[in-house]
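In our numbering, each number is its position in the sequence shown, counted from 1, plus 9. For glycine and all other residues, C-beta sits at the position ideal for the given N, C-alpha and C. Heads up, the thing below is written out as structure tokens.
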Amino acid sequence: MRVNKLILLTLVFCLVVSGQVLAKTEVTFWHAMSRALGETVDELVAEFNAQNPHIHVEAIYQGSYGDLNTKLVASITAQNSPVLAQVYENWTDAFIRNDVLVPLEDYLHLTDEEYNDYIEVFRNMNIWEDKLYTVPFNKSNWVLFYNTDLIPNPPKTVDEFLTLSKKISDEGQGDVFGFGIRPTVELFHAFMYLNGGDFFDEDLNITFTGQEGVDALNLMINMVDDKSALLIDGYESDAFGDGIIAMYIGSSAGASFVEAAAEGKVNWSMAPIPAGIRPGAPFMGTNIALFATATEEQREAAAEFVKFLTNTENTVTWAIRTGYLPVTYSGLESDAWNAFLADNPRVAEGPGNVEAFGYGYWQPRVAAWEGARSSIGTAVEAALLKYATPEEALAQAALEIEEEIALMLMQ
């Protein structure tokens, strides 16, 4: 009899334990972080899972950002979205318009101190309907990469930059150019923004066809024409590492590629983008979104994971290992981050420059930007390759984008 009772108690105990295991809340997190970035994601996820036995986060790599977006749209159609995913701001806007996201703020239960700890420029990139809908994750800014063998002191203004580019090119006599230009939306945006312009006004009226946009394109064209700059087909980091160009503007997250390309060939560093009539620091990168298909338990569990991922220790760990930036003020002020900056003056002078957080800007956060970006990219390329004048190229892009915006507003 006693043996039977013992067996019964053992069975009950096993059922309770197995029930606890089965009661784990499953959270899927779709991301586009490959190689070392993905390994860091996996390490952080494993640490979270170990600390939170009632939750199991599964991080799933979905390929490039384009692949991730395509799969997210397909999952929404099939109503089997992940719980969490990396998203750009314009994706967020499209998803909100289609009512497939819920505000992370509703589940983070942030104190005022925790809310304000997110760096203001990043926080503002993630606010819709007066709520922190998404949370910043892998953020970088654009900086000036420069060859310290040729440039001991980087230019601080656009005028200094133009003069220096021409001087280096003249002295290089065709072997070395002062600057490398790739016909990208981001570079066009940088020069336009420094000149006081932007893509749209607050009411989504197109403004990039104005004088600021035309002047930005003409600046790029003139630099190529007078050989101050080399028009590059490919990645600037390769030409920079080979010593063919002395400067280029690009994402701070690309520093590891520059390191590999320049090793043993040129010495280099990073600096803020030279200021025009105003300074500008374009911030890039994705945020984390919470999808509406998640259950209440999954939403609460997902919020715990997001808080873990962006707490002071982990946002600094992520930044140090990946080349991105901490997303909180406490991260910027931490001993670990400042020790890292002391050991890495390139980062301290470039993306780690705290002043840049005060004048940071970002690309448009509207759903129509996905198509608009493509149209503007085509315009920039057409103008640089002399297929059209800057005015003609930008006007054509504006026609296409007006249709994109109209369709977006009709949804």
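Unbroken alpha helix (DSSP H) run spanning residue i, endpoints
{"i": "Met417", "result": "399-419"}
{"i": "Gly386", "result": "378-393"}
{"i": "Leu341", "result": "338-342"}
{"i": "His198", "result": "194-203"}
{"i": "Arg132", "result": "129-134"}
{"i": "Arg330", "result": "321-331"}
{"i": "Leu117", "result": "114-117"}
{"i": "Tyr124", "result": "121-126"}
Endpoints, the beta strand (DSSP E) within which residue i is located
{"i": "Ser149", "result": "144-156"}
Helix, strand or coil at residue i [DSSP, three-state]
{"i": "Ala303", "result": "coil"}
{"i": "Met42", "result": "coil"}
{"i": "Ile215", "result": "strand"}
{"i": "Thr86", "result": "helix"}
{"i": "Gly361", "result": "coil"}
{"i": "Gly486", "result": "With the chain covering 10 to 420 only, the question about residue 486 has no answer from this structure."}
{"i": "Phe209", "result": "strand"}
{"i": "Val109", "result": "coil"}
{"i": "Leu334", "result": "strand"}
{"i": "Pro161", "result": "coil"}
{"i": "Gly47", "result": "helix"}
{"i": "Arg374", "result": "coil"}
{"i": "Gly465", "result": "Lying before the first or after the last residue shown, residue 465 is absent from the chain, which here runs from 10 to 420."}
{"i": "Gly75", "result": "helix"}
{"i": "Asn353", "result": "coil"}
{"i": "Asn61", "result": "coil"}
{"i": "Val30", "result": "Reliability of the predicted coordinates at Val30 is poor, the pLDDT of 48 falling under 50, and no value is obtained from them."}
Residue i - partner residues in DSSP beta bridges
{"i": "Val66", "result": "Val36"}
{"i": "Val96", "result": "Asn296"}
{"i": "Trp137", "result": "Lys140"}
Note down, one range per segment and in chain order, each alpha helix (DSSP H) of at least 4 residues found wholly within the segment 163-191. 167-181
Can you find at least 3 beta carbon pairs, one from the segment 249-263 and one from the segment 159-178, that sit closer than 8 angstroms? yes
Between the segment 349-367 and the segment 377-384, can you find at least three pairs of beta-carbon atoms closer than 8 angstroms? no
Please specify which runs of the beta strand (DSSP E), each continuous and at least 3 residues long, are wholly inside the segment 226-300, giving them in chain order. 238-240, 256-260, 277-280, 290-300
Sufficient close CB pairs (3 or more, under 8 angstroms) joining the segment 41-54 to the segment 319-327: yes
Pairing CB atoms from the segment 365-378 with CB atoms from the segment 396-405, are three or more of them under 8 angstroms? no
Would the segment 169-178 and the segment 186-194 be scored as touching if the rule is three or more Cβ pairs under 8 angstroms? yes
Stretch-stretch touch, CB-based, cutoff 8 angstroms, three pairs: the segment 63-72 with the segment 31-46: yes
State whether the segment 136-150 contacts the segment 198-217, with contact taken as three or more CB pairs (one from each stretch) at a distance under 8 angstroms. no
Using 8 angstroms as the threshold, is the segment 111-129 in touch with the segment 235-253, meaning 3 or more CB pairs across them? no
Does the count of Cβ pairs from the segment 301-316 and the segment 84-93 closer than 8 angstroms reach three? yes
Measuring CB atoms only, is the segment 199-213 touching the segment 224-241, in the sense that at least three cross pairs come out at less than 8 angstroms? yes
When you compare the segment 135-144 with the segment 95-105, are there three or more beta-carbon pairs, one atom per stretch, that lie closer than 8 angstroms? yes
Are three or more beta carbon pairs between the segment 386-395 and the segment 313-321 nearer than 8 angstroms? no
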